[in-house]
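Numbering (UniProt numbering), first residue to last: 1 to 591. Note that beta-carbon positions come from the ideal geometry of N, C-alpha and C, so glycine has one too. The block underneath contains the structure these notes are about, expressed in C-alpha cells.
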C-alpha cells in the first residue's frame, strides 16, 4: 500500500470524521466527561503552522482551532532540528522552518494534505533546555488528549540515524501472491480487480509492530498513547487506526481482535509458543471508563507505565503526570458521587494524589510488588513507599474479599511546587512522606519459599508468576534468575513454620539473605486485612470457614521514628496476627 497515495489520505480523513460523528466517548475528557469539539479547542502554547508551501513556528496566544500531535522517538537527528534558546527568536519571528528530518517532513505533509492548519511536535514547539520545558512538560497530556489525532511514527524512518521516510513502502508490504481478475459492467470489460494473499493477520502485526515497538517502550510515549483520542500508527509493514471506542483496525479494515481461547492455548502451549499474547493493556479501549472504574484503571496504567523506560530518570513523575491529572479528577468525582453532599463533611487536608497512589485507596496502593530482580532506587526523589521509587516493572495482588483497611494516613508532606508553575492546574507535586497510624510486628524472613502453590492458595495470590512453579508464559522471557523471588515469613519463635510470604525491592541486606539459612528479623506494618479460603465465597463466609490474612509492608528504621519501605507481603500465621492484635497503634513516618 502506498501511504502517500491520495486514496490513503482520503481514508484517514474518512476515519477521523466517522469517529467524531459516531463515537461520543472519543470527544470526552477523561477527567470530567465533558464533551469537547476537536475542531475548536485551545491550541498549545506554540504550534507549527502548516502552509501550502512551508511551515513556521507560531505562538498561538491562547487562540482556538484544530491541531495534530506527533509521537516519535528522539534520536541524534531529532537533536539537530530541536528548538533551543539560541534559535527560538529566529523561528518565532515567522521564518520558514525549512527542511526538517524526514519524520517531521512526513508528518507535516500528512497534515497539509488533510487541510489541517497546525501540528504540534514537542522537540520543535517546546524550547528545549530552558524554563519553557519545565512549564510545558506538565501540559503535554492535555495537548495529546485534545488533538484531532496523533501521528505515531514507528516505521523504518523512525529509527535512529535511519535515512528513510516512515511513509516509504517497504518490501514487506509487497504481496507475495497476486491474482488479476477482469472487472465487467453490463458485459463489457471495464478494468481489472486484484486479489492478494496476506501473509500476516492484523492481530499479530499490531502486537509485534506496534505494542512491541521501540517507540512504545518509552515512558513519555506511553502517556501520549494513553491520552490521545485517535492515533494512526505508521509501521514498516502495515498502518493501523485506533480510537477510544473501537478495536484497532488496519487500513484494509482488518480488526485487531484478540484470538479465541483455543488459539490462545495453541499460542501458549502448542507449536506457536513463540508468538506473544496481546496484553490487555495493549488496547486503548481498555482504559475507558466504560471498561472499569477510574481507580482500577489507574493500577493498569501504573503497571503498564512501570515497564517502560526513560532517558532522564528524573522524569518518572512528570512523564505520567498528565494521566494522573486526568484520571485523578475522575477518581475524585467518583468519590464525591459515592459520598454525596454530606452536611458537615470533613474538609480533606491531605492531597488525594500521593506520588503515584491515591489516598482513598492507599491500603491497596501500598501493596505494589516488583516483578524483576532488585533495581537501584529511582533518582526522581520518590519516597520508598511509592512505586515511582522503583526502576522496573511492578504489579499489585488482586483485591481481597471484604478487604478492611488497617493503616490510617494522618498527614502528608509534599515538596514545594516548581518555580513558575504554581498557577498551572496540571502540575503534579511529589509527596515526600506520610505520617501514619498502624500496628507493627517483628517477623522472621527466610530465603527460599517452599510449597509456593499452597502459600499462594492460602493468600489468594496464585496469579503471581512467583507462586506458579515452572510457569512460563509466551509473553515473558524472564528466567528464574531474573524474577523477584518470594521469601517465607515466619514467627521468630517458629522458623520452620511458614506463615506468609514477602517480596522485596530494596535494601542492601536482601542480597545477603540468600546465603543465610536462618533468615533475618525485619519489621512488618499492618496495612489491611482480607478473608480467604477454599470454596464458594458466600458459603465460606456464612460458615466462617475462611481465614484472615494480613496485608503488610516491610520496613526498616532510618531514625527519629521514621521508616523506609523494603517490600510487601501477606501473613496468615495466627501467632503473628495475634501479636498485631495485642499491640496498640503507633504513629510513624514513612519516607
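Worksheet item: Can the beta-carbon of residue 124 be found closer than 8 Å to that of residue 166?
Response: no
Worksheet item: Helix or strand or just coil, what does DSSP make of residue 392?
Response: Here residue 392 sits in coil by DSSP.
Worksheet entry | Assigned secondary structure, residue 609 (DSSP; H/G/I helix, E/B strand, else coil) | Outside the displayed span of the chain (1 to 591) sits residue 609, for which this structure offers no information.
Discussion item. Extract the residue ranges of the beta strand (DSSP E) inside the segment 294-348, only unbroken runs of 3 or more that lie entirely within it.
Written reply: The segment 294-348 contains no whole beta strand (DSSP E) run of 3 or more residues.
Worksheet item: Would the beta-carbon of residue 489 fall within 8 Å of that of residue 502?
Response: Going by beta carbons, residue 489 and residue 502 fall inside the 8 Å limit.
Item to complete: Keeping to the same chain, check which residues put their C-beta closer than 8 Å to that of residue 543; ignore five residues upstream and five downstream.
Response: Confidence at residue 543 is low in this model, with a pLDDT of 42, below 50, so its placement is unreliable and the value that follows should be read with caution. Result list for residue 543: empty, nothing under 8 Å.
Discussion item. In whole angstroms, give me the CA-to-CA distance for residue 330 and residue 357.
Written reply: 14 Å
Worksheet item: Any chance the CB of residue 522 is under 7 Å from a heavy atom of the ligand ATP?
Response: With respect to the ligand ATP, the structure shown offers nothing to examine, as it has no ligands at all.
Discussion item. With a threshold of 8 Å between beta carbons, is residue 106 in contact with chain D?
Written reply: Among the chains in the structure shown there is no chain D, since it carries only a single protein chain.
Worksheet item: Looking only at its own chain, which residues have a Cβ that is under 7 Å from the Cβ of residue 499, when we skip the five neighbours before and after it?
Response: 489, 490, 491, 571, 572, 573, 576
Worksheet item: What whole-angstrom Cβ distance do residue 91 and residue 78 have, given they're in contact under 8 Å?
Response: No, residue 91 and residue 78 are not in contact; Cβ-Cβ is about 16 Å, not under 8 Å.
Worksheet entry | Nearest-angstrom Cβ-Cβ length linking residue 70 and residue 107, presumed shorter than 8 Å | The pair is a contact, with the Cβ atoms about 5 Å apart (cut-off 8 Å).
Worksheet item: For residue 524, which option in 449, 558, 444, 451 has the closest C-alpha, if you only look at C-alpha atoms?
Response: 444
Discussion item. Measuring straight from C-alpha to C-alpha, what distance separates residue 224 and residue 304?
Written reply: 13 Å
Practice prompt. Inspect the CB distances between the segment 101-121 and the segment 31-50 and report whether three or more fall short of 8 Å.
Written response: yes
Discussion item. Please state the DSSP three-state secondary structure of residue 210.
Written reply: Helix, per DSSP.
Discussion item. Any contact between the segment 395-410 and the segment 436-456? By contact I mean 3 or more CB pairs, one from each, below 8 Å.
Written reply: yes
Discussion item. Considering only their Cβ atoms, is the gap separating residue 154 from residue 210 smaller than 8 Å?
Written reply: yes
Worksheet entry | Minimum length 4: unbroken alpha helix (DSSP H) runs contained in the segment 72-150 | 76-81, 88-92, 102-113, 122-125, 131-136, 140-146
Practice prompt. For residue 19, I'd like the list of residues in its chain whose CB is within less than 7 Å of its CB, leaving aside the five on either flank, ordered along the chain.
Written response: Listed in chain order, the non-local C-beta contacts of residue 19 below 7 Å within the same chain comprise 26, 230, 243, local neighbours out to five positions each way being set aside.
Discussion item. I need the straight-line Cα distance from residue 309 to residue 100, nearest angstrom please.
Written reply: 27 Å
Worksheet item: Excluding the five sequence neighbours on either side, which residues of its own chain have a C-beta within less than 8 Å of the C-beta of residue 433, listed in chain order?
Response: 383, 412, 413, 562, 589, 590, 591
Practice prompt. Determine the burial state of residue 366: buried for a count of at least 16 other Cβ atoms within 10 Å of its Cβ, exposed for fewer.
Written response: buried
Worksheet item: Buried or exposed: which applies to residue 552, given that a residue is buried once 16 or more other Cβ atoms fall within 10 Å of its Cβ?
Response: buried
Discussion item. For the pair the segment 310-327 and the segment 130-149, tell me if three or more CB-CB distances fall below 8 Å.
Written reply: The segment 310-327 is in contact with the segment 130-149.
Discussion item. If you follow the beta strand (DSSP E) that residue 487 is in, where does it begin and where does it stop?
Written reply: Where residue 487 is concerned, the enclosing beta strand (DSSP E) stretches over 487-490.
Item to complete: Would you mind stating whether residue 425 and residue 449 have Cβ atoms separated by less than 8 Å?
Response: no
Worksheet entry | Neighbour-count burial assignment, residue 103, 16 or more Cβ in a 10 Å radius | Buried.
Fill in: Cutoff 8 Å; reference residue 86; Cβ partners in own chain excluding five residues on either side
none
Worksheet entry | Nearest neighbour of residue 227, chosen from 360, 327, 179 [CA to CA] | 327
Fill in: Own chain partners of residue 558 with C-beta closer than 6 Å, once the 5 adjacent residues on each side are dropped
564
Worksheet item: Given 8 Å as the limit, is there contact between the segment 24-40 and the segment 128-135, that is, 3 or more CB pairs closer than that?
Response: no
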